[in-house]
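The listed protein sequences correspond, in order, to chains A and B.
For the first sequence, position 380 (counting from the first letter as 1) is numbered 380 according to this note's numbering, and the numbering increases by one without interruption.
For the second sequence, position 127 (counting from the first letter as 1) is numbered 1127 according to this note's numbering, and the numbering increases by one without interruption.
Glycine residues also receive a C-beta, built at the ideal position from the N, C-alpha and C atoms.
Quick caveat, the model's predicted, so the values are computed rather than measured.
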Amino acid sequence: MDKGYSELKIKFEIILIISVFLFAEISAQSYDNLNSEIFTSEDIKSSGIITLNDIFDLSIRWNKSTINGYSNRASGNLLSTFQRQNFLVLVNGQKIELNFLDEQNLDILPFTIDQIDTVIFVNTPRNYKGFFTEKGLIEFILITPSKGFSISAMESIGNKVGDPGPYAYTQYNTPNIDKLGFLTGVSVKTKGENWSLNSNLKYFENFVTDGAIKNRISLLSDKQKERLLGTNLDLSYNFWGGSHKLLFAYSEDADFFFFPPFGNEVPSKRFFRHVGFSGNIPVSNSLLYAYSIIKSINDLGRLDKENVLGFNLKINSTHINSSLHFSKNNFNSAIGINFDKYDANKSGLNNDLLVNQVKLFFDLNFNFNSGISQFLGITLQKSGGTNTSKGYFITQWNFLSKHSLLLSASLSARDVSEDLNYFTWATPESPIFENTEIDYVDFELNKPLKTYTLDFTYGFQENKNTKFSIGGFLRNFKNFYIEDYVYNFYGNDKLLKPFGEIAHNQKLTAAGVNFQAYFIFPANITNKIDYMYQKYLSGTESIINEWEKFPRHKIVYQLNIRPAENFGLGLKLTYLSETFWNEYIYLETQSNSFYNYRLDEKLLLDLSIQKSFWQNKIWTNILFKNIFNQKEYYNPIGVNLGLRFYLIVQLKLNSLFN
Amino acid sequence: MKNLFLLLIMLLPPSGLYSQNVESEVFETITLSAGYNKNISMGELNKYWNADKGASLKIESPFYAGLLGVGVDGQLFTSNSLLQPDYKSFFIYMYWQYQLKLLFNTSLRAGVKFGSYVMIFNDVTLSEFESNESELGIGASFQYDIPVSKIFTFYVQSDFVTVFTMKRIKLFNAGAGVSYNFTSPEWIKDILN
C-alpha cells in the first residue's frame, strides 16, 4: 500500500470518526435516496426518451458521447472518463454483464422503454444491493405484471431533416439523409396467485446515412444498416416467504463497433446471453438472506463470414452473490460475498484467459433521533491476484422538517484487471483484433487505480411540488491509465489511424457544483431546472485531455403542461457548453474542417405532444428534437443529429380474460 | 389590408370572439372534409415543375380551445423538362386550429399543421425504395367556413408549409371543399378519450 493511498485512508477515517461523534442521537428514519436519482415511467414519457440509450438524457449528472447516434459511451456523475465504461447495470436487482471492450450498449437489453417502471441512477460510490458503485450504477425496475393476461407494444419511427427532395434533380442536389430509429417492442405478461411471467421481444434498425460515419463504414462493409434483435423471459415466484426470479435474456446486434485502437468502425456481430436466478429468503423477522447465480456469454464476431476485418472474442462469465441482511429498529447491516469468474476464449489460443474476482462486503446503517442517518460500507476485493479495498461513508441529516444535508465520501482502489477491456484480454501472441498498431500494455508494474470522491447536497422541500437542492463535489483520481492517441487520415482521406500510446500514472483533481429546482407554476405546469458546472483543478496532460470532453456548463429546463388528464405538452431546453477532443486536432486541418476537434456550445429545444386514447390504453407522442436545428454532435467524428421528429405509439392491454 | 380588417370586424357577432369547445364538447362531433387543393407557389421549384391536380381529405373534432384533426393533401407535379421527373406529393399531417365565429354562422379559423411530406418520384432509374422520400413539413393554415345546411359546410382554405429538405421547400396552397358534420358515436368517443 503506497503512501498516498494511506493518507487518503486516514482522511476517510477522520471524517468517519468526527461524524459519529457529532451525531450521536438515535431516531427512526430511513432513506432510500442517497445521491440517487429515481425516474418513473411518467418521467420517461415526458422526457422524450425513445431508446434505452437515451436514458442518460434523464440525468444532468451523466454525460454521453456517441458516434453512430444511438449507442453511447457514458460517464456517471464524473466518476470516470469516457474511455472506461465500468458503470454497473442491473435489471430487477440482477447484474447484467453488458460492458464489452469498454462499450455498454444499453439497447442490448431486450426490452423497450415502455416496460420500465422505474430507473434508478446511483451517482456516488457506495454498496447498492451488494455491488460497489465505484463508477455509478443504473438499475431498471421493470413493470410488474397485472393479474391475468396482459399484452403491450411499442413502435417508434423517426425522420431526420435535410433530405434533398426534388432538389436532387437540380443544381441544389445534396446527399440523402433518410430515416432513423425504427424500433418495435412487444411484451406479453401473465400473473397468478404467487407467480408472474413476463416476456419481451425487441427489434431495432438504424441506417448509416450520415456522411461523417458513412465515409468510413462504406469502405469497411457492404452493409449500411445496424440491426438489433432481443428477447427475454422473466419468471417470478414467491416461496419460502421470499421472492425469487429467473431471468433469461438473448440479444444479437449487427453493428459497426467503433474501436479506438483501430480508429474506425469494425463491422461486427455481437451475441449476448444471460441466465440469472436471484431472490431472497427471510430467516427471521430481522434477518434476510439474498442470493444470485448468473451466467453470461458475450460473443463478438464478424458481421459476415466474408468480412476480412472483425473480432473473435467470447467471454463466459459466472457470478455468485450471497449476502445476509440484518434490520432491527434503527439499525441495518449487511454482509456478503461475491464470486465473479471471467473466461475469455479467442481463436488461435489453446488455453482460455481467466480473471477471477472475490469480493467481501460489509454495510452498516444507523438512523438517529435527530434526523440523522449514517451509512458506512467497505468492500475487500481480490482481482487478478491483486488485493484492493473500497469504502464509503454517507451522512444524511433532515432538520427543521423541510431541510436536509447530505455528505458522501468514498475511497476506492481498483486493479486494472477489473476493467475487463481490450487491455485485459489482448496479448501480442493472441490479439483480439490484428489491425491495430497500438502497443499491448504491460500492467505488471502498474499500481492500483485510486478514486477519492466527496459530494455534499443541501435540500429544501416545501412540499412534494416545490423543492430545490444545491450541492458540490470533488473528484480525485490517481495512477489512472489513458489511451493517449492522435488520429490522422490514413491513405484515402476517409479512414482514420491512431498514433500514440497508453499514458500511465495519470492523476486529476476536479470539482463542481450543481443546482436543481422543481415547482408547479402556474397550475398544471411543472417546471424543472437543472444546472451543473465542473472544472478540473489540476492533473496530468493525458487525463486532462479526456476531461475536456465533458461540457463545463450544463443547463436543462423542462416544462410540462397538462391541460387534461389524457393530453400533455412537454418542452425541454438544454444548453451544453463547448467541449474539446484533442485526439482529433490534426484531423480538423486534414479534413478541411469536415471534422472539428472542438464541439461548439449548443442550445437544444425539444417539443413533445402527448395524447392518450381509449382510457389510456393507447399513448402517442409526437416528438420534435433539436427544433433550432443546431449542430448536435456528441463526438467530432460522429453523426450530426440535427432536427428530427418521431412518432411513438404505445399500447397497453392489461388484465385481459381476468 | 385596412378594408379587410374592417370587414372582419363587421363580421364579428355582437358578443365578439369567445372561447369555445370547452371540456364537455371535446370529441362531441366529427367533421369529414374533402376538397380540391392546388399549389400556388413553391418558390425556387417553380422553375422546374408545375403543380397539377390536387385533393385534400380531413377528419377533425373539437378539442379544448380549438379543433384537432388529421389530414392528407395530395398533389401532382409535372416537370418542365426531361431533366426532372414528374412526382407526386402526399402531406400526411396533424393540425390544430382556433375557430372564430363570425356573423351569419360563418367562421374563420387559423392554426398550425405538421406532418410527413412524402414525395414519390417517377424516376425509373431508382428502386421503389429509393424513389420514395419523406420529410418533415410544418406550416400555418387558414380556413373560412360557410354553412349551407345543418350538416354540410362549404369552405375555402389556404396554407403556407415549409418542408425541411436541405434547401427548404416553401409551399403556398389554396383550395375549397365541403364538410360533413355529425355527432360522434359513443364507441369513437371512448377511443378518442
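Could you tell me the alpha carbon to alpha carbon distance between T209(A) and K223(A), rounded to whole angstroms?
If I take the Cα positions, the gap works out to 11 Å.
Are any of the Cβ atoms in chain A nearer than 8 Å to that of L1083(B)?
yes
Check whether the stretch 379-386 of chain A touches the stretch 65-85 of chain A, counting contact only when three or more Cβ pairs, one atom from each stretch, lie closer than 8 Å.
no
Which one of T574(A), K535(A), I544(A), S538(A) has the shortest CA to CA distance from K554(A)?
T574(A)
Nearest to A249(A) by CA position, among E205(A), L201(A), P282(A), is which residue?
L201(A)
Whose Cβ in chain B lies nearer than 7 Å to the Cβ of P563(A)?
Y1064
Is P260(A) closer than 8 Å to E483(A) when the C-beta atoms are compared?
yes
What whole-angstrom Cβ distance do Y536(A) and T509(A) have, given they're in contact under 8 Å?
7 Å
Please list the segments of the beta strand (DSSP E) lying wholly inside the stretch 1121-1180 of chain B, counting only runs of 3 or more residues, in order along the chain.
1132-1147, 1152-1163
Checking 8 Å against the spacing of the C-beta atoms, do G242(A) and I297(A) come in under that value?
no
Quick check on K1150(B): buried or exposed, where buried means 16 or more other Cβ atoms within 10 Å of its Cβ?
Answer is exposed; the Cβ neighbour count stays below 16.
Starting from the Cα of N316(A), find the closest Cα among Q506(A), H274(A), Y203(A) and give me that residue.
H274(A)
I think I648(A) touches I151(A), with their Cβ atoms under 8 Å apart; what is that distance to the nearest whole Å?
Wrong, their Cβ atoms sit about 18 Å apart, outside the cutoff.
Residues in the stretch 238-257 of chain A with C-beta within 7 Å of chain B's C-beta atoms, listed in sequence order?
none
Tell me whether N1021(B) is buried or exposed, calling it buried when 16 or more other Cβ atoms sit within 10 Å of its Cβ.
For N1021(B), the predicted structure reports a pLDDT of 47, less than 50, and the residue's modelled location is therefore unreliable. A value from the coordinates is still provided. Label assigned to N1021(B): buried.
Cutting at 6 Å between CB atoms, please list the residues of its own chain near N238(A), excluding the five before and the five after it.
N194
Can you tell me whether P139(A) is buried or exposed? The criterion is at least 16 other CB atoms within 10 Å of its CB, across all chains shown.
Residue identity check: residue 139(A) is Glu in the sequence provided, not Pro. That one is buried.
Spatial neighbours of G230(A) within its chain, please: C-beta separation below 6 Å, excluding the five flanking residues on both sides.
P110, K202, S251
Would you grab the beta carbon distance between F480(A) and Q506(A) for me? Rounded to a whole angstrom, and I think it's under 8 Å.
4 Å
To the nearest angstrom, report how far apart N1080(B) and F519(A) are at their CA atoms.
58 Å
Expressed to the nearest angstrom, what Euclidean distance is found between the alpha-carbon atoms of L641(A) and I1169(B)?
21 Å
For T427(A), name the three-state secondary structure that DSSP assigns.
coil
For W614(A) and chain B, any beta-carbon pair shorter than 8 Å?
yes
Any beta-carbon of chain A closer than 8 Å to the one on D1190(B)?
yes
Where does L309(A) sit, in a helix, a strand or coil, going by DSSP?
The DSSP-derived three-state label of L309(A) is coil.
According to DSSP, simplified to helix, strand and coil, what is A28(A)?
With a pLDDT of 28 at A28(A), under the threshold of 50, the predicted position of this residue should be treated as unreliable, though the coordinate-derived value follows. Three-state DSSP puts A28(A) in coil, outside helix and strand.
Should N72(A) be labelled buried (16 or more other beta-carbon atoms within 10 Å of its own) or exposed?
buried
Please report how far the alpha carbon of N312(A) lies from the alpha carbon of T40(A), in whole angstroms.
39 Å
Taking 7 Å as the cut-off, is the beta-carbon of P261(A) closer than that to any non-hydrogen atom of the ligand NAP?
With respect to the ligand NAP, the structure shown offers nothing to examine, as it has no ligands at all.
Flag this pair as yes or no: are the beta carbons of T453(A) and T124(A) separated by less than 8 Å?
yes
Contact check, N159(A) vs S1134(B) under 8 Å by CB: the rounded distance?
6 Å
In terms of alpha-carbon separation, which member of K1189(B), E1060(B), G1066(B), L1076(B) lies closest to Y1036(B)?
Of the listed residues, the one whose Cα sits closest to Y1036(B) is L1076(B).
With a cut-off of 8 Å, does the C-beta of S1116(B) fall near any C-beta of chain A?
yes
DSSP has E193(A) in a bridge; who is on the other side?
E193(A) is not bridged to any residue.
Give me the chain B residues within the contact set of F645(A), using Cβ-Cβ distance strictly less than 7 Å, ordered along the chain.
L1136
Nearest to D1159(B) by alpha carbon, out of F1091(B), V1026(B), I1191(B)?
F1091(B)
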